[in-house]
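Student: One structure follows; several queries about it will come next.
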Amino acid sequence: MFLFSLEGWSYLRPQGFNNFKNYLDLLGTAHFYSTMLNNVIIILGVVPVVAVIALAFGQAIFSRIPGYKLYMFLFFIPVILPDVVVARVLTEVLNKVGPLNAFFSAIGLDFLARDWLGAPGLALFSIIVSLIWKNIGFALILFLARLTTIDVGIYEAAEIDGANSTQKYFFITLPLLSSTIAIYIVLQVIGLMSFLFNYIHVMTAGGPGYSSTVLEYFIYLNIFRLQEIGKGSAAGVILIVLTTIFIYYYVFRTSRTERKAGRQANG
Amino acid sequence: MAKVRQTTAGSVLVQVPFVIYSITIVAMVLILVVTPFRSGNDLARGLLVRPSGFGLGNFHDAFASGLGDGVRNSFFLGASTCVITILLGGIAGYGISFMKFRFRKGLASFMNACIYISTMLIALPLFLQYRDLHLVNNLLGALLIFLGLRLPFSVYLFKSYFDEFSRELIEAAKMDGVSDLRIFASIVFPLSRGVVITVLLFNFSAVWTDYLIGLLFLQQDKLMTIMPKIMYIFGSGPMVTHATSLGQGFAGLFVATLPIVVIYLFTKKYYVEGLTLGSLK
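Heads up: the sequence lines are chains A and L, in that order.
This note's numbering applies: residue 47 is where the first sequence begins, and numbers increase by one.
This note's numbering applies: residue 1297 is where the second sequence begins, and numbers increase by one.
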């Protein structure tokens, strides 16, 4: 891939080293920057929202609010549904004449009816909302799994010291969850940077224009649609470099905790 | 008394976001389940038109449009991937976990890292090689790609599981001069039911729901996998909605989702295990 990014290409055949021309081309492409910006917007739009919602849901389910079993069952459904299925159904739902707009006019909110996937500013927003909808369950699973391993003794001790439930949450639960939250953020960021193709391709094809193109889709467009192998590869190298930072952090973290666990097991 | 009322008001308020999110999920499931059974004429007038009748016509049409090929190809690829990744992944996981060799830890971390590399980045160099080797539009060629994509996850999952295995048992067997392959086949593997199910579940779902690899590497009508096939039935291009193909497309989505949901219902426990892999320690 790296070598590809350095070569000139003609009809899918490499033509030899071309002095970083691909990178210069890439940096000279105006919508490359908007693509990178879209990536950032998606990450900032999805990750914090999902994390906060999932933390709140997780705490409520953990404290066994009425109906928590039903909610657990329901909330996992978006997680197991295939990307393409979710994306295709939502494309229908968000259609200009689709159910969502019909719903808005039925409850008298006509002014909210929009062409959700067809308007430049809105397409990216709609994708972000779809991704939030899809990923809440994933974060919830991670957080709940951590919550169930917390030693109840800590809470009892805090109660004896007179801590109220807000204090317990912010001074005990949240710090104990912090490493799980970090892992969630890293996994989600990797997912949003590297595994978004299905949504973009099915819902908007990066459009209208380039308004919902992300780096991964930009690579696809350049390589497989526009036959700009060199430019696409250069963008690919940038994606590798960016994701490697997160992957490295994740792998480093898991292997370190494994070593720690191993030491404890060996006494 | 006042306190009691307060807490009830609070707990009702807590329910609100839960109910809203639940409604969206139920709506999604309803659309997914009901739409394929509605007649094409109704759907042409929009998803919310009052249905004039239900029937299996869409499924009939979808299979006539080649949905069956998609199902068959995806099932073949998914099942083969599962069998091979379980065998190879199990053996490799055993090796990394129980045998001592150089760069063992590095190899494990490398496998872990490979799981998260974007498929798109793997697709380009592979596509160029496959074109030169004439492996594009070849089911076995696609199978090789899926194996490559799923093995790191499989190896790493097996390895994590074996790491918690009793060392004494293995050491004792080794003392008695039992070969590694024999230990794997008759002691370790039979005790790994849980991890085998997890690998099976995730690898099958991943291949079954794949879109990108199928789209790029299996473009011929007869060879398409299920997801590209469905999008093809829908009339491909996003934003283009051919009213007549809407029902067929939804029938396809229904057929594609059903096995995933059924597998999930039977293997819920393992699903959570796989998702939380490595994130909880």
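Idealized CB from N, CA, C, for every residue including glycine.
Between Thr-1563 of chain L and chain A, is the shortest Cβ-Cβ distance under 8 Å, so that the two count as touching?
Tutor: In the second sequence, the residue the question calls residue 1563 of chain L occupies position 267. Chain A contact via Cβ: absent.
Student: By Cβ distance below 7 Å, which residues in the same chain neighbour Val-260 of chain A in space, the five residues on each side in sequence not counted?
Tutor: One-based indexing of the first sequence puts residue 260 of chain A at position 214. So the list reads Thr-81, Asn-84, Asn-85, Ile-88, Leu-242 and Ile-246, once near-sequence residues are dropped.
Student: Going by C-alpha distance, which of L:Gly-1545, L:Met-1324, L:Leu-1487 and L:Leu-1561 is nearest Leu-1339 of chain L?
Tutor: Taking the first residue of the second sequence as position 1, residue 1339 of chain L is located at position 43. If we check each option's Cα against that of Leu-1339 of chain L, L:Gly-1545 comes out closest.
Student: Does DSSP classify Phe-1397 of chain L as helix, strand or coil?
Tutor: Taking the first residue of the second sequence as position 1, residue 1397 of chain L is located at position 101. Here Phe-1397 of chain L sits in coil by DSSP.
Student: By Cβ distance below 6 Å, which residues in the same chain neighbour Thr-1537 of chain L in space, the five residues on each side in sequence not counted?
Tutor: Numbered from 1 along the second sequence, position 241 holds the residue referred to as residue 1537 of chain L. Note on Thr-1537 of chain L: pLDDT 49, under 50, position unreliable in the model; no value is reported.
Student: Would a C-beta distance cut-off of 8 Å place Phe-119 of chain A and Ile-182 of chain A closer than the cut-off?
Tutor: Here residue 119 of chain A is taken as the residue at index 73 of the first sequence, counted from 1. Here residue 182 of chain A is taken as the residue at index 136 of the first sequence, counted from 1. No, the Cβ-Cβ distance between Phe-119 of chain A and Ile-182 of chain A is not below 8 Å.
Student: Which class does Phe-78 of chain A belong to by DSSP, given the choice of helix, strand or coil?
Tutor: As a working mapping, residue 78 of chain A is identified with position 32 in the first sequence. If DSSP states are grouped into helix, strand and coil, Phe-78 of chain A belongs with the helices.
Student: Kindly say whether Lys-1396 of chain L, judged by its beta-carbon, lies nearer than 8 Å to any beta-carbon of chain A.
Tutor: Here residue 1396 of chain L is taken as the residue at index 100 of the second sequence, counted from 1. It does not: the Cβ of Lys-1396 of chain L has no partner Cβ on chain A nearer than 8 Å.
Student: For Gly-1570 of chain L, I'd like the list of residues in its chain whose CB is within less than 6 Å of its CB, leaving aside the five on either flank, ordered along the chain.
Tutor: Within the second sequence, residue 1570 of chain L is the residue found at index 274, counting from 1. Excluding positions up to five away in sequence, the list reads Thr-1494 and Phe-1498.
Student: Name the DSSP bridge partner or partners of Arg-1334 of chain L?
Tutor: As a working note, residue 1334 of chain L is residue 38 in the second sequence. Partner(s): L:Phe-1350.
Student: Assign Thr-300 of chain A to one of two classes, buried (16 or more other C-beta atoms within 10 Å of its C-beta) or exposed (fewer than that).
Tutor: Mapped onto the first sequence, residue 300 of chain A falls at position 254. Result: buried.
Student: Can you list the residues of chain B that Asn-1408 of chain L reaches, using a CB-CB cut of under 7 Å?
Tutor: Absent here is chain B; the protein component of the structure consists of chains A and L.
Student: 8 Å is my cut-off, CB to CB: does Ser-1335 of chain L come that close to chain A?
Tutor: Working through the second sequence from its first residue, we reach residue 1335 of chain L at position 39. Chain A, which has no Cβ nearer than 8 Å to the Cβ of Ser-1335 of chain L, makes this no.
Student: Quick one: which chain A residues come within Cβ less than 9 Å of Val-1503 of chain L?
Tutor: Here residue 1503 of chain L is taken as the residue at index 207 of the second sequence, counted from 1. The premise fails here: Val-1503 of chain L is roughly 11 Å from chain A at the closest Cβ pair, so nothing lies under 9 Å.
Student: Could you name the residues of the same chain whose beta carbon sits closer than 7 Å to that of Leu-140 of chain A, not counting the 5 residues immediately before and after it, in chain order?
Tutor: For the purposes of this step, residue 140 of chain A is identified with residue 94 of the first sequence, where counting begins at 1. Contacts found: Leu-146, Trp-162, Leu-163 and Ser-172.
Student: Determine, for Pro-94 of chain A, whether the minimum Cβ-Cβ distance to residues of chain L falls below 8 Å.
Tutor: Here the question's residue 94 of chain A lines up with position 48 in the first sequence. No, no contact with chain L.
Student: Would Ser-1307 of chain L be called buried (16 or more neighbouring beta carbons within 10 Å of its own) or exposed?
Tutor: The residue given as residue 1307 of chain L occupies position 11 in the second sequence. By the neighbour-count rule (16 or more Cβ atoms within 10 Å), Ser-1307 of chain L is not buried but exposed.
Student: Pick helix, strand or coil for Met-1527 of chain L, following the three-state DSSP scheme.
Tutor: Reading the second sequence from its first residue, position 231 is the one you call residue 1527 of chain L. Note: Met-1527 of chain L maps to helix in three-state DSSP.
Student: Closer than 7 Å by beta-carbon distance: list the chain L residues that pair up with Gly-104 of chain A, in chain order.
Tutor: Reading the first sequence from its first residue, position 58 is the one you call residue 104 of chain A. By Cβ distance, chain L contributes nothing, its closest Cβ being about 12 Å from Gly-104 of chain A, past 7 Å.
Student: May I have the straight-line CA-CA distance separating Ala-1552 of chain L from Phe-1500 of chain L, to the nearest angstrom?
Tutor: Here residue 1552 of chain L refers to the residue found at position 256 when the second sequence is read from its first residue. Here residue 1500 of chain L refers to the residue found at position 204 when the second sequence is read from its first residue. The alpha-carbon atoms of Ala-1552 of chain L and Phe-1500 of chain L are separated by roughly 12 Å.
Student: Going along chain A in order, which residues have a C-beta closer than 8 Å to the C-beta of Phe-1513 of chain L?
Tutor: Mapped onto the second sequence, residue 1513 of chain L falls at position 217. Residues of chain A passing the Cβ test: none, with the nearest at roughly 11 Å.
Student: Are the Cβ atoms of Ala-1438 of chain L and Phe-1371 of chain L separated by less than 8 Å?
Tutor: Mapped onto the second sequence, residue 1438 of chain L falls at position 142. Mapped onto the second sequence, residue 1371 of chain L falls at position 75. The answer is no: Cβ separation not under 8 Å.
Student: Which of helix, strand or coil does DSSP assign to Val-93 of chain A?
Tutor: Sequence index remark: in the first sequence, residue 93 of chain A carries index 47 (1-based). Looking at Val-93 of chain A - three-state DSSP - the assignment turns out to be helix.
Student: In angstroms with no decimal places, state the Cα-to-Cα distance between Phe-1458 of chain L and Thr-194 of chain A.
Tutor: Counted from its first residue, the second sequence places residue 1458 of chain L at position 162. Counted from its first residue, the first sequence places residue 194 of chain A at position 148. Taking the straight line joining both Cα atoms gives about 24 Å.
Student: Report the residue from A:Thr-212, A:Tyr-69, A:Asn-210 and A:Ile-99 whose alpha carbon sits nearest the alpha carbon of Ile-187 of chain A.
Tutor: Within the first sequence, the letter at position 141 stands for residue 187 of chain A. Considering only alpha carbons, the answer is A:Ile-99.
Student: I'd like to know if the region 121-139 of chain A and the region 199-215 of chain A are in contact, where contact means that at least 3 CB-CB pairs between them fall below 8 Å.
Tutor: Too few Cβ pairs lie closer than 8 Å, so no.
Student: Residues of chain L with CB under 8 Å from Asn-210 of chain A, in chain order?
Tutor: Taking the first residue of the first sequence as position 1, residue 210 of chain A is located at position 164. Correct list: empty, because the minimum Cβ distance to chain L is about 14 Å.
Student: Output yes or no for whether 8 Å exceeds the beta carbon distance between Ile-1581 of chain L and Leu-1487 of chain L.
Tutor: A question about residue 1581 of chain L goes unanswered here, because the residues of chain L that appear run from 1297 up to 1577.
Student: Below 8 Å on the Cβ atoms is my contact criterion, and I expect Phe-1394 of chain L with Ile-1483 of chain L to pass it. Report the Cβ-Cβ distance as a whole number of Å.
Tutor: In the second sequence, the residue the question calls residue 1394 of chain L occupies position 98. In the second sequence, the residue the question calls residue 1483 of chain L occupies position 187. Their Cβ separation, rounded to whole angstroms, is 11 Å, which puts Phe-1394 of chain L and Ile-1483 of chain L out of contact at 8 Å.
Student: From this set, L:Thr-1521, L:Val-1325, L:Asp-1428 and L:Gly-1353, which residue's C-alpha is nearest Leu-136 of chain A's C-alpha?
Tutor: Mapped onto the first sequence, residue 136 of chain A falls at position 90. The candidate whose alpha carbon is nearest that of Leu-136 of chain A is L:Val-1325.
Student: Straight-line CA distance for Lys-1577 of chain L to Ser-109 of chain A?
Tutor: Counting from 1 along the second sequence, the entry for residue 1577 of chain L is found at position 281. Counting from 1 along the first sequence, the entry for residue 109 of chain A is found at position 63. With a pLDDT of only 40 at Lys-1577 of chain L, under the threshold of 50, the placement of this residue in the model should not be trusted, and no figure is reported.
Student: Taking Ile-123 of chain A as the query, report the chain L residues whose CB atoms sit under 7 Å from its CB, ordered along the chain.
Tutor: Translated into the one-based positions of the first sequence, residue 123 of chain A becomes position 77. In chain order: Ile-1321 and Val-1325.
Student: Can you give me the Cβ contacts of Tyr-294 of chain A inside the same chain, cut-off strictly under 6 Å, excluding the 5 residues immediately before and after it?
Tutor: Residue numbering aside, residue 294 of chain A sits at position 248 when the first sequence is read from its first letter. Contacts found: none.
Student: Can you pull the chain A neighbours of Phe-1314 of chain L, defined as C-beta to C-beta under 8 Å?
Tutor: Along the second sequence, read from residue 1 onward, the residue named residue 1314 of chain L stands at position 18. Phe-103, Ala-106, Ile-111, Gly-113 and Tyr-117, listed in chain order.
Student: Using 8 Å as the Cβ pair cut-off and three pairs as the minimum, do the region 1416-1424 of chain L and the region 1349-1356 of chain L touch?
Tutor: No contact exists between the region 1416-1424 of chain L and the region 1349-1356 of chain L.
Student: What residues of chain A sit near Tyr-1560 of chain L, judged by a beta carbon separation below 7 Å?
Tutor: For the purposes of this step, residue 1560 of chain L is taken as the residue at position 264 of the second sequence. Ile-126, listed in chain order.
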